[in-house]
Amino acid sequence: MARSLSFFVLLLFVLHVSSESTGEVAEQLEGEEFTEELLLRPLPDRKVLSHFHFESKVPPTNSYGHHHRIFPKAIYQLVHKYRIKEMELSFTQGRWNYDSWGGFDPIASSNAKPPGVELWAVFDVPPDQVDASWKNLTHTLSGLFCASINFLESSTAYCAPDWSFSSRSGNLRYGSLPREAVCTENLTPWLKLLPCRDKAGLSLLMDRPSIYNGFYHSQRLHLTSDEFDPVALHGIVLEQTLTIVLQPDALDTRASFSSSRKLQPSWSMSSLFGKMVDGKCALAKSSNVYVQIEGSLVHNMKDTWNNIEGYDGEIAQEVPYEGFGSNSNFKFSIAPDRVMKETNSFHKDGYSVLYGFAINHYHGSKPFDLGFWWNLPVTWSCVKAPLRVSRFLMGSGNEKGAIALSLQSTEWSQSILKAGKNEEKCNLRVDVFQVVPWYIKVYYHTTKIFVDGMPQALEDIIEKMSVSPSEDKVSPGVMELILRLPCDMKSASLTLEFDKGFLHIDEYPPDANQGFDIPSAIISYPDFQTRLQYKEDNASIQSPMVSKMQERRTVLSYTEVLLVPLTTPDFSMPYNVITITCTVFALYFGSLLNALRRRVNEEERLLKSKDKRTGKLQLLLSKFLSKVRGKPWEPPSSTPPSSSSKFISSKVILKILLVAAIAFGWRYYDG
Amino acid sequence: MAEISETMGTESSPPEENRKDNSGSSNFDDKIMRKTKPGLKRLILTLTVFFSFLLGLPWLLKSIEIYRSPLPFRDIDSLSNAIDSNPFLYPCRFHLVFVNLEHSTSIRSNAENLGFLISSYMLEYADRNSFCGTCDGNYTISVSLDSGDECVEYEDADKGILWKCGALSGLNFDQTVENGEVFDDYLQSIVGKSRVYTVVVVNTGKGDRLRAVVGKYRHAWIIGRVAEINLLAETVAEMFIKIFVSGAKDEGSIQGEFMPVGADGKIVLSFNLLNADPRDWIYDWDIKEVDEKLLAPTLEALGPIANISVESQVLYHTPKSSYSYWDDEHESHIFSTKDLPFFVNSNEWHLDTSIAAGGRSKILQFVVYVPSANECPLRLQLPNGDISVTNGFISPTWGGVVVFNPPNCMENANSMHPLRRKISSQEVNQIFEVFMAQLRQLFGLKSTGFYKGASGTSILLASERGFTEWELDALARQHACYNLQQCGTTLGSLSRLVQSLPRMIIKDEIGKQVKLSLEAAKLTQDNASQGIYDASAVSSRHARSLAEDAFFHPSVMSISYYSFDHMFAVYSPFFLPLSLHVILAVVREIKRYKQESRKYAAWEAIRKQHSD
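Heads up: the sequence lines are chains A and B, in that order.
In terms of the UniProt record's numbering, the first sequence opens at residue 1 and continues consecutively.
In terms of the UniProt record's numbering, the second sequence opens at residue 1 and continues consecutively.
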């Protein structure tokens, strides 16, 4: 009896515990969530990409209420005040090197951003209120992030893309500030949105001097909400990413390899950032570090392996590090917790590998410092975007010019060509979205397209085009294009001529002589979806960053920012012009008045009487005047000039005194 | 030109004149006389130009005029004068019910002049505290005498106050002394919902001292043996003035300018749960329930005074910035009152302003501080060495802080994984009781349950809404008064600013806001004079926020008005030389015309002589 009772008690206890734990799990599932992740990837040009990914989720308000534990209050209020459906804000310094850092992977498509600030937002408000919401949003964001985002308020700075930018057009607004400088004062408010800020967890690595010393720095904030949908399912998802490209200081490589010059620099987290992670953020649901090895690198490593070690084929088929073998091309200082393989590689010969490190069991006395050591030299190249895009200016002078967009095929499009040979005609769809400020008056009818240097008829290449020409001081010019380029082309270019406009004197920025920026154009390739499908030993991966990579995304890239010099006036000019025209008018008017009240007869008489008494000076003067007039000189009659000249001078003095008195009086009564 | 006019007189006259002259008279001198009438052509011409310029001047000024919406300067001045000279007075009505159950004659005879006694004492008290929002002298007292079977009403002015005769005769007063709440509700049912402050004095004739209780509505009662009528009158007078009129405030407590209400009449109560170090433990709370159950009634009650919204957040990694030391006696970490200015760590506690609130709203931060494990039982030591019961403090106009010590501090000191806990609802209720008291203190009200006056101590019953009705009345009166003062000064500054900058653009919107603000101010005064406290508080809030809106209108801030110097620089190159030409021409032509007409007159005279 006693035994059965104790068993019963035990059962009760177990039941209780299990119910409690399930309750907790359920709460975790439906409540707020925060995850932190860091992706590190060696880049072919001896640099290292580090990509921080923080994600906060909150369930919809109607089921969860408006009090939160983890989700930042500011963002929640922002979403609700302006009824934001989706928003993305990025601060970027430097330009993403599409050639050597890759242009096809998810990070390049979603985190390579144009320099300066880029903001777009979709609002859930009636179309006539979208502009007002946008204006208020820009002001709030500029306060929130200590940046001059409020310059996007003016209707000349933002635009409403018709169809190309996003499928949810209508309520979408897009604007960018290419010249916004990005620094710590923008990062600190961004960090404040994280529950642990930079006090614990992966964000501890963000040592300001090292992250701002990099080659590329882009902090991004992306939020999606379905709060205002009738059936809200997901609530608000806030995704914060920081993408940095750093040059590692080469660690003292232990391997004294003969060709150590060719060896890629080995690095560790402390050598990259100067800091280590002591434990995860206590609020984070998961806290992981990933190291990504690209497919071509894996492929090349296999090759080097085969060459040097003479491995037999079957082992070379294995992923390096799968057995944590020490004689692979590289090794980690810490054994990875899991290895994930790409399953749907575009490259048949290589698939990328993701090594996962959980930092749950590290703490202050045992910090997490991941090291990456190269054993063998290896070279590889990233997967490039289908086309290499660059945009430049043509023409000289301050009057007119042309924008040229040059698209050059990469080895990628060559491979497409091979693949698509059996079809009758292979096309490459390229979408172009370009915003041009109003003072660059683009003549869209001058659009010319050259394929491989040969001019082409527009209708052959352009599938769809929508243009909203700029309106002076009201709206910028927006061009959206769908191009169908033949796959076998080597290069294509698109030119547009423009005239440079004149700005009102108030509209010049303080540093007008520096020139004016044309924001980056967005080039996207809707035919291509970047998607890295990873698989870990038949188990799905619970990682927001990896699932983000697995999402289908259109490959897109940004062009360079163009710097257009405009004529800058001398800013004191208006006053000079006013003064000179007024003086001329006054002279004209005064002489007209004098001419009207002239008495010719009287003057002639006067002259005659004057002739009798002219001084030497007057004699000379009249002689000179007559010479100038080309008339025969008549000796003037002498007049004593002394009295009159004295009278004149006294009159002049009187005039000056009068003016002075008026001026004085003016000042006196005005002041 | 100068030479011409000057030499005219000295030189010979025109030849045709000479000819006539020679033929006419012998004594014709062409220096001083002429035969023809002087011509008006050039004079008219120059005058036309001159006058057309004069006429064009207003047109020019009109064209460069800056749009200024006409502001009602006179109304603004009269408003600020009215506020300065006579702060508006609320009519207060008091009612004393004297229930005399002891039928001794001495009390009875004195009771008749109780009303006069009370008003004389009240005058005395009212002199001592007269600040904005009281009914300084503007009150009526009515007295009802109830001796069980017969009732006498001594009423000053008001017939509306009625006392149900003998309503209290059936009650057992020993019980009511014990249970104040029930008696309070019973009195409310008798007195009804009027804006009259009632004090019920029950002379039971038993006991040796009076027991004074202030209810949560608009009445109080005094029960016990009334020995002397003068003392009773003084007590009642003090109750009326100090408690009902002034809201039982402490001397030197928070006055109008420290009222925690934003310029737009809004308050945001921001509740923050700060986990000093989440590596030790992470506390969570159920603020949603608190918001719905505890805060909602209070916020509704405070509705007329301010528009209050609630928001919350939980922050982590927020250490305090002051020091604490371990005290063996109390077995806890101690921080003293002199550390309080440094307790709030403005670097790490990013409490933040609210995006949801407007720019001029007031944000009151209420902070629950959960200390980290190495400072765990953290207690506040009062200056007298005691440990604070509430373990919290307030900072006027900023908010309040409460330190919440997790139970079993040492339990999780060295664990790898942080403890995830929820503050239990009982603990949350305790914390929010402290917060409620802090909110009352921030509004300048007493947080203790009794009032110690000159003539004895009164017990103040607390309302479940946090604020009793008479407190709300007092707050409404003070806020209305303070808001109106602020409105007056803001509008006065605006009118001074506008008048001092004659070239500032004033948009129509500002004029409209000023007009509406003045209307709201007038409405406030009307409501106040009728004794509708809450309505006057609401309209005064409107008046103030509109005045502030007008003053801080973005167009006022802009630099689009340019100085007079600028205009001088732009127009003087044209008008200065031109006006010299025109004026000199006019002067000369007039001079010459006069001279010539004098000459002609002289000749005329000579000719007349000759003809004569």
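C-beta atoms are modelled at their ideal positions from N, C-alpha and C, and glycine is treated no differently.
Keep in mind that this is a model prediction, so the values were computed, not measured.
- Ranked by Cα distance from A/Trp-373, the first of A/Glu-342, A/Glu-399, A/Ile-334, A/Met-276 is A/Ile-334.
- Take A/Trp-134, set aside five residues on each side of it, and the residues of its chain with a beta-carbon closer than 6 Å to its own are Arg-173, in chain order.
- Only buried fits A/Glu-180, as 16 or more other CB atoms lie within 10 angstroms of its CB.
- Assignment of A/Met-276 by DSSP, reduced to helix, strand and coil, places it in the coil class.
- The continuous alpha helix (DSSP H) containing B/Gln-426 extends over residues 425 to 442.
- In this structure A/Ser-520 is buried. Its beta-carbon is surrounded by 16 or more other beta-carbon atoms within 10 angstroms.
- With its beta carbon less than 8 Å from one in chain A, B/Tyr-316 belongs to the interface.
- Close to chain B, meaning a Cβ-Cβ distance shorter than 8 Å, are the following residues of the stretch 80 to 111 of chain A: His-80, Lys-81.
- Here the alpha carbon of A/Leu-238 sits roughly 26 Å from the alpha carbon of A/Phe-528.
- Interface flag for A/Tyr-668 against chain B is unset, since no Cβ pair is found closer than 8 Å.
- Between the alpha carbons of B/Trp-326 and B/Ser-332 lies a gap of roughly 6 Å.
- Burial state of A/Glu-411 is exposed, judged by a 10 Å Cβ sphere holding fewer than 16 other Cβ atoms.
- Annotated three-state conformation of A/Phe-433 is strand, per DSSP.
- The Cβ atoms of B/Phe-183 and B/Phe-94 lie no closer than 8 Å to each other.
- Cβ neighbours of A/Val-245 within its own chain (closer than 6 Å, five residues either side excluded): Lys-47, Leu-49, Gly-214, Phe-215, Tyr-216.
- According to DSSP, A/Met-454 shares a beta bridge with A/Val-451.
- Taking C-beta atoms as the reference points, A/Arg-220 and A/Asn-111 count as a pair closer than 8 Å.
- Listed in chain order, the alpha helix (DSSP H) runs fully inside the stretch 53 to 80 of chain A are 61 to 64, counting runs of at least 4 residues.
- Within the stretch 304 to 374 of chain B, the complete alpha helix (DSSP H) segments of 4 residues or longer fall at 340 to 343, listed in chain order.
- Sequence-distant partners of B/Arg-420 (beyond 5 residues in either direction) whose C-beta falls short of 6 Å from its own C-beta, in its chain, are Ile-282.
- At least one CB atom of chain A sits nearer than 8 Å to the CB of B/Lys-288.
- Residues of the stretch 182 to 210 of chain A that bring their beta carbon within less than 7 Å of a beta carbon in chain B comprise Lys-192, Pro-195, Cys-196, Arg-197, Lys-199, Ala-200, in sequence order.
- For B/Phe-450 and B/Arg-544, the gap between their C-alpha atoms comes out near 34 Å.
- A direct Cα-Cα distance of roughly 18 Å separates B/Ala-520 from B/Asp-84.
- Chain order gives the chain B residues near A/Val-659 as Leu-576, Leu-580, where near means a beta carbon separation below 9 Å.
- Looking at the DSSP output, B/Ala-212 sits in a beta bridge with B/Ile-222, B/Ser-458.
- For the set B/Pro-554, B/Gln-188, B/Ser-463, B/Thr-134, the Cα lying nearest the Cα of B/Gly-359 is the one of B/Pro-554.
- Within the stretch 117 to 185 of chain A, complete alpha helix (DSSP H) segments of at least 4 residues are found at 130 to 144, given in chain order.
- Every beta strand (DSSP E) of 3 residues or more that sits fully in the stretch 197 to 229 of chain A is shown, in chain order, as 216 to 225.
- In the three-state reduction of the DSSP assignment, A/Lys-47 falls in the coil class.
- A/Phe-54 is positioned such that its CB atom lies closer than 8 Å to that of A/Gln-240.
- Exclusion of the five residues before and after B/Ala-476 leaves Pro-304, Ile-305, Tyr-533, Asp-534, Ser-536, Ala-537 as the residues of its chain whose Cβ lies within less than 8 Å of its Cβ.
- Taking one beta carbon from each stretch, the stretch 279 to 293 of chain B and the stretch 308 to 321 of chain B have 3 or more pairs nearer than 8 Å; the two touch.
- About 7 Å separates the beta carbon of A/Ile-107 from that of A/Thr-243, a gap short enough to meet the 8 Å contact definition.
- Within chain B, no residue has its beta carbon less than 8 Å from that of A/Tyr-444; the closest one is some 36 Å off.
- Membership of B/Glu-548 in the alpha helix (DSSP H) is indicated by the continuous run 533 to 551.
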